[in-house]
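So the structure is just underneath, and the comments pick up after that.
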Amino acid sequence: MSAGGGPGRTPAERLRAAHAELLSRTPENAVQPRLDPVRRALELLGDPQRAYPVVHVGGTNGKTSTARIAERLLREHDLRTGRFTSPHLHSVTERISVDGLPLADDAFADLHEDVAPYLALVDGELRTAGEVPLTYFEALAVMAFAAFAEAPVDVAVVEVGLGGTWDATNVVESAVQVITPISLDHTELLGPTVEDIAREKAGILRRDAIAVVGLQPDGAGEVLGERAAQLRTRVVREGEHFALAGRSVAVGGQLIAVQGLAARYEDVFLPLHGAHQAHNAALAVVAVEALLGGGERALDGALLEAALGDVASPGRLEVLRPSPLVLADAAHNAAGVATLVDALEEAFAVRHGVGVVGVLEGKDAEGILSLLEPALEEVVVTRSSSPRAVDVEVLAGIARDVFGEDRVHVAERLDQAIATAVDLADVGGGGSGGVLVTGSVTVAAEARQLLGAAAVDAPGRSRGAGPAAGGEDEGDGGPGDEREPLDILGYPLDLDGDEDAGRLGVDPDPEDDPGDGPLGGAR
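The sequence shown begins at -2 in the working numbering and counts up by one.
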């Protein structure tokens, strides 16, 4: 790859310039029903997506967590891995990872510089034909496939952005496909029923491949089965061919048992909360079984324990502060919030729960608040910095209809909302209260920054050890100030992470995941 960038430009400046060009394109939630432009760009690059086997992860709920767990398990097998996921929490570099680490700023800028001429060529061809140039997500997908070939990786785990059939990632001939639980989301794009949505998700299935299918609602499973039969895809279904055989709550997560295709794996620690994450782990384990041995060879138990014990899923029921307890979860659809509530009640003994909720336009704010209401004593409605954030007073009106006047508080800014919620939780809970920040990816991401959580997959720390703080804040007194910098609650920041931690707007408006959840469904 090139090492350009011009004299005097820092890596961060080069990254911002590259991302600005990507952001100038059609946004990722404006899906174009096409694949040929992405294929054309990849053809010009020598078809890098053909250089490695792919595990393709689709569905509605749990895609990102399933992808992260599968990638971590493959890496434990001494395989060099690529991972492409969306959306990002803080930096676009999070979306393209090699060996579990996001591309460095300079590496991302170099990648964009190398690929840009080919993107421009395809853009010109599309304009000549009267079509929309490559979109933000299409361009990122091309970059990811090129990065993985350049590394080179031994295997890539690729998450679908939205839908399946027309998703830009659907140019791969994957060896294994994973379909996580399907639910209603983005119905304006994918169709009004789970059957319609399942039909779109089934578009990633491949002839003579192995499809690992999670638990599905009535109708969705049948649609997936029909498509698989047409393609002679071997389908292995949760509850029929494999299962989450058991789980129990443990300190910092849970112990799970998975009945895989080739063996049963007992008492494996997973440092993630909730039944949904246990099911995600089962899907990931079976996907790796399918890839490495066609489902006929058991995984090494020690490797499995090491990998799952080191898994992290930032922004998914993540503990940002243990005392006072502050949690962040990017759930932004009904299925995601329902799963979140179940996990919250199971894993955390909160006496007085206070929600901090901000929702983006186009999301079911009333549905989200209605599902949260039984689990929370009070709610503080707010907004993120996203231009798509629902107006605070509009959201407050919806919240009052659901919670009642006395249980609703309003804060224009997220930092104010979190501080208010912490005070309410302390007073109401007598030291055993807690705060849950949720409603959108942007709200969860900005809460992480405000409370100094570490950069996503920051090097030099165990990703299974829970959140660490981050930042290069110099304190209130400027350079030379020896006082510890504090987060918005007045707690010291542990300076071990991202230089941008605590600073809002590091990356403009990361899109809510087109269909992922708890965090958007149950990631």
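Positions of the beta carbon are idealized from the N, C-alpha and C atoms, including for glycine.
Every value quoted in this text rests on a predicted model; they were computed, and no experiment measured them.
Original post:
Helix, strand or coil for Ser437 per DSSP?
Top reply: On the sequence shown, position 440 is the one that residue 437 refers to. Ser437: coil per DSSP, three-state reduction.
Original post:
By how many angstroms is the C-alpha of Gly401 removed from the C-alpha of Glu370?
Top reply: To locate residue 370, count along the sequence shown from 1; it is residue 373. To locate residue 401, count along the sequence shown from 1; it is residue 404. Rounded to whole angstroms, Glu370 to Gly401 spans 10 Å at the Cα level.
Subject >> Residue of Ala455, Gln46, Ala15 and Leu100 minimising C-alpha distance to Ser310 >> reply: Walking along the sequence shown from the start, residue 310 turns up at place 313. Looking at the Cα atoms, Ala455 is the closest of the given residues.
Original post:
Which residues mark the beginning and the end of the alpha helix (DSSP H) in which Tyr115 is found?
Top reply: Reading the sequence shown from its first residue, position 118 is the one you call residue 115. Start and end: Asp102 to Thr125.
Original post:
Taking the DSSP output, what are the residues bridged to Gly261?
Top reply: Along the sequence shown, read from residue 1 onward, the residue named residue 261 stands at position 264. For the sequence presented, residue 261 should be read as Arg rather than Gly. Gln256, per the DSSP bridge assignment.
Original post:
When you compare only the Cα positions, how much space is there between Ala275 and Ala117?
Top reply: On the sequence shown, position 278 is the one that residue 275 refers to. On the sequence shown, position 120 is the one that residue 117 refers to. Rounded to the nearest angstrom, the two C-alpha atoms are 43 Å apart.
**OP:** For Val248, count neighbouring Cβ atoms within 10 angstroms of its own Cβ and tell me buried if that reaches 16, exposed if not.
**Re:** Mapped onto the sequence shown, residue 248 falls at position 251. Counting Cβ neighbours within 10 Å, Val248 comes out exposed, since fewer than 16 surround it.
Subject >> First through last residue of the beta strand (DSSP E) which encompasses Val52 >> reply: Taking the first residue of the sequence shown as 1, we reach residue 52 at position 55. First-last of the beta strand (DSSP E) with Val52: Val51 to Gly55.
Subject >> 7 Å Cβ shell around Leu228 - same chain, five flanking residues per side excluded >> reply: For the purposes of this step, residue 228 is identified with residue 231 of the sequence shown, where counting begins at 1. Closer than 7 Å at Cβ, skipping near neighbours: Leu202, Arg203 and Arg204.
**OP:** Measure the C-alpha to C-alpha separation of Glu135 and Phe142 and round it to an integer number of angstroms.
**Re:** For the purposes of this step, residue 135 is identified with residue 138 of the sequence shown, where counting begins at 1. For the purposes of this step, residue 142 is identified with residue 145 of the sequence shown, where counting begins at 1. In a straight line, the C-alpha of Glu135 is about 11 Å away from that of Phe142.
Subject >> Option nearest Val168 by Cα separation, candidates Asp75, Val51 and Thr125 >> reply: Counted from its first residue, the sequence shown places residue 168 at position 171. Per the Cα distances, Val51.
Original post:
Are the beta-carbon atoms belonging to Leu351 and Ala422 less than 8 Å from one another?
Top reply: Here residue 351 refers to the residue found at position 354 when the sequence shown is read from its first residue. Here residue 422 refers to the residue found at position 425 when the sequence shown is read from its first residue. Here residue 351 turns out to be Val, not Leu, going by the sequence shown. Cβ atoms of Val351 and Ala422: closer than 8 Å.
Original post:
Apart from the five residues just before and just after Gly79, which ones in its own chain have a Cβ nearer than 6 Å to its Cβ?
Top reply: One-based indexing of the sequence shown puts residue 79 at position 82. Counting only Cβ-Cβ distances below 6 Å, and skipping sequence neighbours, we find Val95, Phe145, Val150 and Ala153.
**OP:** Please determine, among Arg404, Leu70 and Leu280, the residue with the shortest C-alpha to C-alpha distance to Glu237.
**Re:** The count along the sequence shown starts at 1 and reaches residue 237 at position 240. Considering only alpha carbons, the answer is Leu280.
**OP:** Output yes or no for whether 8 Å exceeds the beta carbon distance between Gly436 and Val316.
**Re:** For the purposes of this step, residue 436 is taken as residue 439 along the sequence shown, with counting starting at 1. For the purposes of this step, residue 316 is taken as residue 319 along the sequence shown, with counting starting at 1. Taking 8 Å as the Cβ cut-off, Gly436 and Val316 do not qualify as a contacting pair.
**OP:** Taking 8 Å as the cut-off, decide whether the C-beta atoms of Ala254 and Ala242 are in contact.
**Re:** Here the question's residue 254 lines up with position 257 in the sequence shown. Here the question's residue 242 lines up with position 245 in the sequence shown. Taking 8 Å as the Cβ cut-off, Ala254 and Ala242 qualify as a contacting pair.
Subject >> Ala165 to Arg37 span [Cα, whole Å] >> reply: Working through the sequence shown from its first residue, we reach residue 165 at position 168. Working through the sequence shown from its first residue, we reach residue 37 at position 40. If I take the Cα positions, the gap works out to 12 Å.
Subject >> CA-to-CA distance, Gly425 to Ala138, given in whole angstroms >> reply: Taking the first residue of the sequence shown as 1, we reach residue 138 at position 141. Taking the first residue of the sequence shown as 1, we reach residue 425 at position 428. About 47 Å.
Original post:
Hey, Leu258 and Ala278: beta-carbon distance below 8 Å or not?
Top reply: For the purposes of this step, residue 258 is identified with residue 261 of the sequence shown, where counting begins at 1. For the purposes of this step, residue 278 is identified with residue 281 of the sequence shown, where counting begins at 1. Not closer than 8 Å, so no.
Subject >> Residue from Leu324, Arg234, Leu357 and Gly333 whose Cα sits closest to the Cα of Ser62 >> reply: By 1-based counting over the sequence shown, the position of residue 62 is 65. Minimum Cα distance to Ser62 is reached at Gly333.
Subject >> Inside the segment 358 to 399 only - beta strand (DSSP E) runs reaching at least 3 residues >> reply: 375 to 378
Subject >> Terminal residues of the alpha helix (DSSP H) in which Ile194 lies >> reply: Taking the first residue of the sequence shown as position 1, residue 194 is located at position 197. Where Ile194 is concerned, the enclosing alpha helix (DSSP H) stretches over Val191 to Lys198.
Subject >> Three-state secondary structure assigned by DSSP to Pro8 >> reply: Within the sequence shown, residue 8 is the residue found at index 11, counting from 1. Helix.
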